[in-house]
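Trainee: Take a look at this one; I'll ask things after.
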Amino acid sequence: MKKIYSFLFVICTFCASAGAQITERPRPSEWDQLVEGARFIDRFLPMPDGIKSNHLWGTQCVQNRYVNNGIEVDGMSFWGGNILQSADGKYHLYVCGWPESSPKGHMFWPNSTVFHAVGETLSGPYVIQNSVGKGHNPEAFRLADGRIVIYVTGGYYIAENENSPIWTYQQFEFDQRGRNIIEGLSNLTFARRPDNSYLMVCRGGGVWISKDGLSAYRQITGKRVYPDIDGRFEDPVVWKDSLQYHLIVNDWLGRIAYYQRSKDGLHWVTEQGEAYMPGISYHKDGEVEKWFKYERAKVFQDSLGRAVQMNFAVIDTIKWEDLPGDKHSSKNICIPLNKGLLLSVLNKEPITPSTRRIELRIKAEPGFNPHTDVDVRSLRFGSFTEVNFGRGCKAVKTRKDGKDLIVVFNGKGSGITADEFAPKLIGRKTNGELLYGYADLPYVDYSPSILSAGCPVYDAEKNTLKVKVTNFGLSASQPAEIEIICSGKTIAKGNVGSLQPYEEKELSLKNLQQQKPQTAYEVVLSGNKKEIERTSFQISSKQEN
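Right under this line is the structure:
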């Protein structure tokens, strides 16, 4: 497949004020050594063939675009939104928009309306069927009972099914559990967990969990989970496949997004390289639709949860230069993704630096025969820290197992540590196309417990600190220890017994200092000689008895 990197840094000619929304972020020097397949951006495929047209709204950089990709309607500006599929095979895009001629142009967005649009194919075109109600930045998800929830800034709409003509507006309940809300509660994104509970990430990078998607979302983080780098982050999108959680967050000022993975949705690793940036929308002949900004990324997942398409809100210029009745506007576009392979490690014992052989199953799928389609010599397997740079294990032999292919790797140089939960494969098909995937490990618990402590409350009469500990994970927790620290000194400690998922226990811990604590606490949960959670709380007088 023709590489698109030569297009990615091509900058269109904009007016002099364009720099107001651009800051060129320097890339780490090590990124120069990344191989194809290392970056999430490598997974974008050419846009499906569509109807090209010129003499449209937009700068020269987006002329000759596919007008039937996503949704484009004369006289309308669109933003945000994602796609669900109904049982009849139709695709439903819930997108917000407003008349292009509206006062203030693009900056009329606070008055946007959420529309329900339907398409026969995943990439569109989508045709508006009806409006849902007022709202911005929608993200739709399906509850276990089949009802559809459409989050919008400030609340959500709910209906019995995708085609419902009646949508009821409500508001979520949020329980911050004594933690600071990171950058407010906007631009929310949701991932369904295996037990039909929901994990939510807010714009600021805080992680929240609801037991069923509608009940209170409870915050389990004390700081953002985004990469610890400089960036003006927004537009997170989170999803879960059959193996792990995925999170992409956009630095809107730098116009670069970052890709992260997690076993539990709480602890994340960040892979090297760009997740997306301007230039990702390209045609099969190599022509690029050079949109000025790509924002509000959303994913469409297959039956196994793999992302097979991303759709974006795109605009051809700076937002505040999109004026009423001018040649500028915005729309929603769809870009297919390389969904990756289904992989499983067969080694029963944990992989260590001394492991001599690693056996990997590459599963067959419709349209993919690993017996004939895999260039075995090109394969590299191991930790992403190695494989993304062309290192990792090399294949030494293969064998067939039904339709699947078992590849045996020399275990040297895998980079796999005790913390690894999804080692990575990068390689090529025999026709030269990119192969990649993440493998499950038979000895890893993919439904771990998540113990989290609430804000301590001081009981002056009994000289105790009351603290609630909750298991937000998907399996029973092991017994743990809790320690409350104030001004660098341990003022209370105790034990937490095993808790079932969502079980909560209130502990009453004796104040060891025999004096009223100060207003800042640090609560530490630990077990099996490892720290589980460390959270700082600022205590107000209302939180003390």
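Just so you know, the sequence shown maps onto residues -20 to -1, 1 to 525 in mature numbering (1 follows the signal peptide of the UniProt record, and there is no 0). From the three backbone atoms N, C-alpha and C, an ideal C-beta is built for every residue, glycine too.
1) What's the gap between the Cα of residue 519 and the Cα of residue 37?
2) Between residue 391 and residue 15, how many whole angstroms is the CB-CB distance? I'm expecting something under 8 angstroms.
3) Do residue 87 and residue 300 have their beta-carbon atoms positioned less than 7 angstroms apart in this structure?
4) Taking the Cβ atom as the reference point for each residue, do residue 106 and residue 51 lie within a distance shorter than 7 angstroms?
5) Could you say which of 126, 131, 429 lies nearest to residue 115 if we only look at CA atoms?
6) I'd like the span of the alpha helix (DSSP H) that includes residue 484, first residue to last.
7) Exposed or buried, which one is residue 470 when buried takes at least 16 other CB atoms within 10 Å?
8) So which of 178, 327, 215 has the shortest CA-CA distance to residue 293?
9) So what's residue 553 in DSSP terms, helix, strand or just coil?
10) Within its chain, find whatever has a CB closer than 8 angstroms to the CB of residue 477; leave out the 5 residues flanking it on each side and keep chain order.
11) Considering only residues of the same chain and omitting the five flanking positions on each side of residue 43, which have a CB-CB separation below 6 angstroms?
12) Alpha carbon to alpha carbon, how far is residue 73 from residue 448? Give it in angstroms, no decimals.
13) I need the straight-line Cα distance from residue 418 to residue 424, nearest angstrom please.
14) Just to confirm my understanding: we take residue 404, look at its own chain, exclude 5 residues before and 5 after, and list those with CB closer than 6 angstroms. What are they?
15) Just to confirm before moving on: does the CB-CB distance between residue 179 and residue 420 stay below 7 angstroms?
16) Across the stretch 336 to 355 and the stretch 246 to 256, are there enough close Cβ pairs to call them in contact, namely three or more that are closer than 8 angstroms?
17) Quick check on the burial criterion: 16 or more other C-beta atoms within 10 angstroms. Buried or exposed for residue 464?
18) In terms of residues, what are the limits of the beta strand (DSSP E) holding residue 280?
19) What is the DSSP secondary structure of residue 514, counted as helix, strand or coil?
20) For residue 474, which residues of its own chain have a beta-carbon under 6 angstroms away from its beta-carbon, when the five flanking residues on both sides are left out?
21) What is the DSSP secondary structure of residue 300, counted as helix, strand or coil?
22) Count the other CB atoms within 10 Å of the CB of residue 196; is the residue buried (16 or more) or exposed (fewer)?
23) Just checking my contact of residue 344 with residue 319 at CB under 8 angstroms: how many whole Å lie between their CB atoms?
24) Can you tell me which of the three DSSP states residue 166 falls into?
25) Where does residue 289 fall in DSSP's three states?
26) Grouping DSSP H, G and I as helix and E and B as strand, with all else coil, what is residue 180?
27) In the DSSP assignment, what are the bridge partners of residue 505?
28) Restricting to runs no shorter than 3 residues, where is the beta strand (DSSP E) found entirely within the stretch 19 to 67?
29) Rounded to a whole number of angstroms, what is the C-alpha to C-alpha distance between residue 151 and residue 125?
30) Of the residues 67, 57, 66, which one's Cα is nearest the Cα of residue 79?
31) On the CB-based measure, 16 or more other CB atoms within 10 Å of its CB, does residue 199 come out buried or exposed?
32) Given this structure, state the Cα-to-Cα distance separating residue 167 from residue 379, to the nearest angstrom.
33) Should residue 336 be labelled buried (16 or more other beta-carbon atoms within 10 Å of its own) or exposed?
34) Taking only the alpha-carbon atoms, compute the straight-line gap between residue 155 and residue 161 and give it to the nearest angstrom.
35) Does residue 110 pass the burial test, meaning 16 or more other C-beta atoms within 10 Å, or should it be called exposed?
36) Residue 466 to residue 219, Cα distance in whole Å?
Mentor: To lay it out plainly:
1) As a position in the sequence shown, residue 519 is number 539, starting the count at 1. As a position in the sequence shown, residue 37 is number 57, starting the count at 1. Distance between the alpha carbons of residue 519 and residue 37: 54 angstroms.
2) Here residue 391 is taken as the residue at index 411 of the sequence shown, counted from 1. Here residue 15 is taken as the residue at index 35 of the sequence shown, counted from 1. Contact flag wrong, Cβ pair sits at about 20 angstroms.
3) For the purposes of this step, residue 300 is taken as residue 320 along the sequence shown, with counting starting at 1. For the purposes of this step, residue 87 is taken as residue 107 along the sequence shown, with counting starting at 1. Yes, Cβ-Cβ distance for residue 300 and residue 87 is below 7 angstroms.
4) As a first step, residue 106 must be located in the sequence shown, where it is residue number 126. As a first step, residue 51 must be located in the sequence shown, where it is residue number 71. Contact flag set, yes.
5) Taking the first residue of the sequence shown as 1, we reach residue 115 at position 135. The shortest C-alpha separation from residue 115 is found at 131.
6) The residue you call residue 484 lines up with position 504 of the sequence shown. Residue 484 -> not in any alpha helix (DSSP H); beta strand (DSSP E) instead, spanning 484 to 490.
7) Within the sequence shown, residue 470 is the residue found at index 490, counting from 1. Looking at its Cβ environment, which holds fewer than 16 other Cβ atoms inside 10 Å, residue 470 is exposed.
8) Counting from one through the sequence shown, the residue named residue 293 turns up at place 313. It is 215 whose Cα lies nearest to the Cα of residue 293.
9) Because the chain spans -20 through 525 in this model, residue 553 falls outside it and cannot be assessed.
10) Position 497 of the sequence shown, counting from 1, holds the residue named residue 477. Once the five neighbours on either side are set aside, the close Cβ partners of residue 477 are 459, 485.
11) Position 63 of the sequence shown holds residue 43. Cβ neighbours of residue 43 beyond the five flanking positions: 34.
12) Along the sequence shown, read from residue 1 onward, the residue named residue 448 stands at position 468. Along the sequence shown, read from residue 1 onward, the residue named residue 73 stands at position 93. Computed Cα separation, rounded: 41 angstroms.
13) On the sequence shown, position 438 is the one that residue 418 refers to. On the sequence shown, position 444 is the one that residue 424 refers to. Taking the straight line from one Cα to the other gives about 14 angstroms.
14) Within the sequence shown, residue 404 is the residue found at index 424, counting from 1. If we look at residue 404 and ignore the five residues flanking it on each side, its Cβ neighbours are 364, 367, 418.
15) Indexing the sequence shown from 1 puts residue 179 at position 199. Indexing the sequence shown from 1 puts residue 420 at position 440. Their beta carbons are not under 7 angstroms apart, which means residue 179 does not touch residue 420 by this criterion.
16) no
17) Here residue 464 refers to the residue found at position 484 of the sequence shown. The residue in question, residue 464, is buried, as its Cβ has 16 or more Cβ neighbours within 10 Å.
18) If you number the sequence shown from 1, residue 280 lands on position 300. Per DSSP, residue 280 belongs to the beta strand (DSSP E) from 273 to 281.
19) Taking the first residue of the sequence shown as 1, we reach residue 514 at position 534. Note: residue 514 maps to strand in three-state DSSP.
20) Locating residue 474 in the sequence shown gives position 494, where the first residue counts as 1. For residue 474, where only same-chain residues beyond five positions count, the Cβ hits under 6 angstroms are 462, 487, 489.
21) To locate residue 300, count along the sequence shown from 1; it is residue 320. If DSSP states are grouped into helix, strand and coil, residue 300 belongs with the helices.
22) For the purposes of this step, residue 196 is taken as residue 216 along the sequence shown, with counting starting at 1. Classification for residue 196: exposed.
23) Residue mapping note: residue 344 aligns to position 364 of the sequence shown, counting from 1. Residue mapping note: residue 319 aligns to position 339 of the sequence shown, counting from 1. With a Cβ gap of about 14 angstroms, residue 344 and residue 319 do not count as contacting.
24) Along the sequence shown, one-based indexing puts residue 166 at 186. Looking at residue 166 - three-state DSSP - the assignment turns out to be coil, as it is neither helix nor strand.
25) On the sequence shown, position 309 is the one that residue 289 refers to. Of the three classes helix, strand and coil, the one that applies to residue 289 here is strand, per DSSP.
26) Within the sequence shown, numbered from 1, the residue matching residue 180 stands at position 200. Of the three classes helix, strand and coil, the one that applies to residue 180 here is strand, per DSSP.
27) Taking the first residue of the sequence shown as 1, we reach residue 505 at position 525. Answer by DSSP bridge pairing, in chain order: 462, 513.
28) 56 to 65
29) If you number the sequence shown from 1, residue 151 lands on position 171. If you number the sequence shown from 1, residue 125 lands on position 145. Distance between the alpha carbons of residue 151 and residue 125: 19 angstroms.
30) Here residue 79 is taken as the residue at index 99 of the sequence shown, counted from 1. Among 67, 57, 66, the Cα nearest to that of residue 79 belongs to 57.
31) Taking the sequence shown and counting its residues from 1, the one referred to as residue 199 is at position 219. Under this definition residue 199 is a buried residue.
32) Here residue 167 corresponds to residue number 187 of the sequence shown, with the count starting at 1. Here residue 379 corresponds to residue number 399 of the sequence shown, with the count starting at 1. Residue 167 and residue 379: Cα-Cα distance of roughly 48 angstroms.
33) Taking the sequence shown and counting its residues from 1, one reaches residue 336 at position 356. So residue 336 ends up on the exposed side.
34) Position 175 of the sequence shown, counting from 1, holds the residue named residue 155. Position 181 of the sequence shown, counting from 1, holds the residue named residue 161. Cα to Cα, residue 155 sits roughly 10 angstroms from residue 161.
35) Taking the sequence shown and counting its residues from 1, one reaches residue 110 at position 130. Exposed: under 16 other Cβ atoms inside 10 Å.
36) Looking up residue 466 in the sequence shown gives position 486. Looking up residue 219 in the sequence shown gives position 239. Cα to Cα, the separation comes out at about 38 angstroms.
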